[in-house]
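Residue numbers (my numbering): 762 to 1009.
The next block holds one structure in the form of structure tokens; read it before the comments.
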């Protein structure tokens, strides 16, 4: 609770927090965390167990819809960690409830559009000049992610990250990478990826090459990987799994 309270009132989080520069008392903040909330979870890093943020759903309206939101707890945990936490929470929501859509409210001053969720999220409505911030009135957009669209996304991700025998050539392996990210001539530069593409690429490299996904995300700004080196690693892992399978 103290870490979340500090994060909610910190300058770097002003535009993402509902408080936006105001200073609620600790008791008021604690009560607000549960006001209208259907479910929420603290998100921690799988590598060092550090608190990443709080993901929650609110305005539960079964069987129609629910809203979801994420409050980061540390400034460096932006982009893919936030997207991954939200996607995992959305998957749990669809599995555990009968809702057809999950909604996200995004003020224009946050500087985000639908890109963190790719083509699977849809713009439902825009409330013009609805939110005041920094001397101006800003639009508030309502985006939705349907159960059908989310299932389509999960299926595409499972296919992309399935370590199979369909990339016996370097060209086939390169095509697998290009399906989720942008490649240079012979290198993979993750700093050019948006949040969702970076997350998908990290999961793909973990599945095919054994690279830790969280480490890949955290080092993405400086990480430059040679496609041929990744290909050799992937082929080696695939061969090793075949040998292990034969031994069993």
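Positions of the beta carbon are idealized from the N, C-alpha and C atoms, including for glycine.
8 Å Cβ cutoff met for residue i and residue j
i, j, result
"residue 962", "residue 988", "no"
"residue 960", "residue 845", "yes"
"residue 829", "residue 812", "no"
"residue 819", "residue 798", "yes"
"residue 864", "residue 826", "yes"
"residue 964", "residue 918", "yes"
"residue 911", "residue 850", "no"
Residue-chain proximity (residue i, chain D), Cβ-Cβ < 8 Å
i, result
"residue 850", "The question asks about chain D, but that chain is absent: this structure has only one protein chain."
Same chain, Cβ closer than 6 Å to residue i, five either side skipped, listed in chain order
i, result
"residue 1009", "Legend: pLDDT at residue 1009 = 42, less than 50; position of this residue unreliable, no value from coordinates given."
"residue 985", "948, 950"
"residue 942", "954, 958, 962"
"residue 832", "814, 815"
"residue 790", "766"
"residue 914", "881"
"residue 879", "957"
Whole-angstrom distance between residue j and residue i, CA atom to CA atom
i, j, result
"residue 867", "residue 997", "44 Å"
"residue 765", "residue 939", "38 Å"
"residue 802", "residue 977", "24 Å"
"residue 770", "residue 788", "14 Å"
"residue 1004", "residue 907", "With a pLDDT of only 37 at residue 1004, under 50, the local geometry of the prediction cannot be trusted, and no value is derived from it."
"residue 991", "residue 806", "25 Å"
"residue 862", "residue 869", "22 Å"
"residue 834", "residue 768", "5 Å"
"residue 945", "residue 935", "11 Å"
"residue 780", "residue 894", "11 Å"
Residue i, enclosing alpha helix (DSSP H) - first and last residue
i, result
"residue 788", "787 to 793"
"residue 976", "974 to 979"
"residue 796", "Residue 796 -> no alpha helix (DSSP H), and no H or E assigned at all."
"residue 763", "763 to 770"
Chain-order list of residues whose beta-carbon lies under 8 Å from that of residue i (same chain, five-residue window excluded)
i, result
"residue 1006", "With a pLDDT of only 42 at residue 1006, under 50, the local geometry of the prediction cannot be trusted, and no value is derived from it."
"residue 897", "870"
"residue 971", "994, 998"
"residue 822", "860"
Cutoff 7 Å; reference residue i; Cβ partners in own chain excluding five residues on either side
i, result
"residue 952", "981, 982"
"residue 824", "859, 860, 861"
"residue 762", "791"
Residue i, enclosing beta strand (DSSP E) - first and last residue
i, result
"residue 885", "883 to 894"
"residue 956", "Element bounds for residue 956: not the beta strand (DSSP E) but the alpha helix (DSSP H), 956 to 970."
"residue 870", "That residue, residue 870, is in no beta strand (DSSP E); it is neither H nor E in DSSP."
Contact between the region 897 to 911 and the region 881 to 888 is defined here as three or more beta-carbon pairs at a separation below 8 Å; is this criterion met? yes
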